[in-house]
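First the structure, in the form of structure tokens, and then the observations on it.
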């Protein structure tokens, strides 16, 4: 293996996944392209969602790609940070809301 | 305020050095195709002019600002200024050939002492449209410029102004501290004399360019954003927003190299090459004139010292429309910026 698991240059090789399964890659990239087309959501909104998800799943390639893409969609830096806070709030909230489960269980066990 | 490359005696102040950067490295070792190869692949080489519609005159490189991305390397230290005699020659060409548009640029063109004279003469010569590329802050820079909005109005000048974003943060990072606030004041003064209001016919256009190593956003979408933000926050109106892709020359090239973005940016431009953007590139209907009267295919070629490839008509003093119409346009790798995505020109996106 390489010295590091992630290499920035690999992002540009994303399309190479087709080498070992052309059919499925083509289906995925077609779908991917359609997902990001302007729809009821603007291209900028979709880019900011992608940026937030990238941080939630902590994908370096996606963070690289969608930081650039958000800027190229005219997003402000503040707007981009707000998107990441949305991801953080959902992640944090997801932990905390399970607190109810913990409370339910603790109450059931306790006198 | 940062200093121009010239003031710093920077190696990129040398035009030849810039051309070397654009011709060597990733383009010479075959990592990326050259612009000529790309044009050949879509049957557009050599690139040929169409009808000359825009006569873009650079009246000097002096400017009150020193923007980080400036392709002219303009600044207060630049002393290159077009003389009235050369302007007179330009007016004669405009008159004789009935060229539709005079596009005056710089530097800050208003700093040329004969700027107003030039506008008046061009108007009298019957030029249909006179565009001034104003940096806005010049209007607020000195009492002698305070009446520029009235001067523009009286001569029906179309004002085209750079404003890279609708907030101070991004604008000032690129153009200097306080530029946004001063630009807003200037825009309000232009609005006050009727600019940007549909019923007056006085046209005020804004120019967006990315504040970094990335491509511009969709022009229509950004225009909506700018109009909403500037109206709601500052009660400012304007006509059109033009998005322009930053050209990898001069101070922007320096930025790309210094921040280790050069190769990625060039690759981005090459990958975004859009064959449909080629027919609309501005060099096909434009001639650019420098402060000494030399002729170029565009303002960018002017800054790289790449003159028109037509020796018999390379200076305003022996302007020959027929010969120029037969020329091949001079290209290099910086031209990828004009064919990326939705295309880019001094009139914004070309598609």
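Chains as they are written, first to last, in the working numbering: chain A, 1 to 111; chain B, 1001 to 1351. Glycine residues also receive a C-beta, built at the ideal position from the N, C-alpha and C atoms.
Proximal residues of chain B, C-beta to C-beta of residue i below 8 angstroms
{"i": "residue 44 of chain A", "result": "1217, 1221"}
is_contact[residue i, chain A] using C-beta, thresh 9 angstroms
{"i": "residue 1210 of chain B", "result": "yes"}
{"i": "residue 1225 of chain B", "result": "yes"}
{"i": "residue 1167 of chain B", "result": "yes"}
{"i": "residue 1170 of chain B", "result": "yes"}
{"i": "residue 1234 of chain B", "result": "no"}
{"i": "residue 1214 of chain B", "result": "yes"}
Closer than 9 angstroms to chain B by CB, residue i
{"i": "residue 107 of chain A", "result": "no"}
{"i": "residue 48 of chain A", "result": "no"}
{"i": "residue 93 of chain A", "result": "no"}
{"i": "residue 77 of chain A", "result": "yes"}
{"i": "residue 72 of chain A", "result": "yes"}
{"i": "residue 68 of chain A", "result": "yes"}
Any non-hydrogen atom of the ligand COA within 8 angstroms of residue i CB
{"i": "residue 1323 of chain B", "result": "The ligand COA is absent from the structure shown, which contains no ligand whatsoever."}
Closest residue to residue i among the options (Cα-Cα distance)
{"i": "residue 1080 of chain B", "options": "B:1248, B:1108, B:1176, B:1043", "result": "B:1108"}
{"i": "residue 1173 of chain B", "options": "B:1103, B:1287, B:1104, B:1255", "result": "B:1255"}
{"i": "residue 1354 of chain B", "options": "B:1127, B:1033, B:1227", "result": "Examination of residue 1354 of chain B is not possible in this model, given that chain B is present from 1001 through 1351 alone."}
{"i": "residue 1135 of chain B", "options": "B:1021, B:1304, B:1064", "result": "B:1064"}
{"i": "residue 1229 of chain B", "options": "B:1287, B:1183, B:1167, B:1195", "result": "B:1167"}
{"i": "residue 1215 of chain B", "options": "B:1182, B:1197, B:1269", "result": "B:1269"}
{"i": "residue 1082 of chain B", "options": "B:1054, B:1100, B:1052, B:1115", "result": "B:1115"}
{"i": "residue 1219 of chain B", "options": "B:1341, B:1311, B:1039", "result": "B:1341"}
{"i": "residue 1276 of chain B", "options": "B:1350, B:1197, B:1157", "result": "B:1350"}
{"i": "residue 1291 of chain B", "options": "B:1007, B:1087, B:1011", "result": "B:1087"}
{"i": "residue 1094 of chain B", "options": "B:1233, B:1002, B:1187, B:1286", "result": "B:1286"}
{"i": "residue 91 of chain A", "options": "A:5, A:70, A:110, A:53", "result": "A:53"}
{"i": "residue 1266 of chain B", "options": "B:1007, B:1031, B:1008, B:1017", "result": "B:1031"}
{"i": "residue 1061 of chain B", "options": "B:1078, B:1045, B:1071", "result": "B:1078"}
{"i": "residue 1085 of chain B", "options": "B:1100, B:1192, B:1118", "result": "B:1118"}
{"i": "residue 1074 of chain B", "options": "B:1011, B:1049, B:1005", "result": "B:1005"}
{"i": "residue 1124 of chain B", "options": "B:1150, B:1156, B:1140", "result": "B:1156"}
{"i": "residue 1197 of chain B", "options": "B:1233, B:1238, B:1212", "result": "B:1238"}
{"i": "residue 1043 of chain B", "options": "B:1279, B:1324, B:1210, B:1348", "result": "B:1279"}
{"i": "residue 1207 of chain B", "options": "B:1348, B:1034, B:1027", "result": "B:1348"}
{"i": "residue 976 of chain B", "options": "B:1176, B:1186, B:1034, B:1152", "result": "Absent from the model: residue 976 of chain B. The displayed extent of chain B is 1001 to 1351, so no value can be given."}
{"i": "residue 1058 of chain B", "options": "B:1147, B:1110, B:1024, B:1036", "result": "B:1110"}
Partner residues on chain A for residue i, Cβ-Cβ distance less than 7 angstroms
{"i": "residue 1180 of chain B", "result": "Neighbours of residue 1180 of chain B on chain A: none; closest Cβ ~14 angstroms, over 7 angstroms."}
Cross-chain neighbours of residue i in chain B, by beta carbon under 9 angstroms
{"i": "residue 112 of chain A", "result": "Lying before the first or after the last residue shown, residue 112 of chain A is absent from chain A, which here runs from 1 to 111."}
Supposed close pair residue i, residue j - CB separation, criterion 8 angstroms
{"i": "residue 1039 of chain B", "j": "residue 1047 of chain B", "result": "6 angstroms"}
{"i": "residue 1171 of chain B", "j": "residue 1133 of chain B", "result": "Their Cβ separation, rounded to whole angstroms, is 17 angstroms, which puts residue 1171 of chain B and residue 1133 of chain B out of contact at 8 angstroms."}
{"i": "residue 1303 of chain B", "j": "residue 1250 of chain B", "result": "6 angstroms"}
{"i": "residue 50 of chain A", "j": "residue 62 of chain A", "result": "7 angstroms"}
{"i": "residue 1296 of chain B", "j": "residue 1334 of chain B", "result": "So it is not a contact: roughly 13 angstroms between Cβ atoms."}
{"i": "residue 1217 of chain B", "j": "residue 1243 of chain B", "result": "7 angstroms"}
{"i": "residue 1289 of chain B", "j": "residue 1345 of chain B", "result": "Contact doesn't hold; Cβ gap of about 17 angstroms is too wide."}
{"i": "residue 44 of chain A", "j": "residue 73 of chain A", "result": "4 angstroms"}
{"i": "residue 1183 of chain B", "j": "residue 1163 of chain B", "result": "6 angstroms"}
{"i": "residue 1212 of chain B", "j": "residue 48 of chain A", "result": "With 8 angstroms as the limit, residue 1212 of chain B and residue 48 of chain A do not qualify as a contact, their Cβ atoms being about 17 angstroms apart."}
### Query
Using Cβ-Cβ distances below 7 angstroms, what residues of the stretch 1237-1261 of chain B are close to chain A?
none
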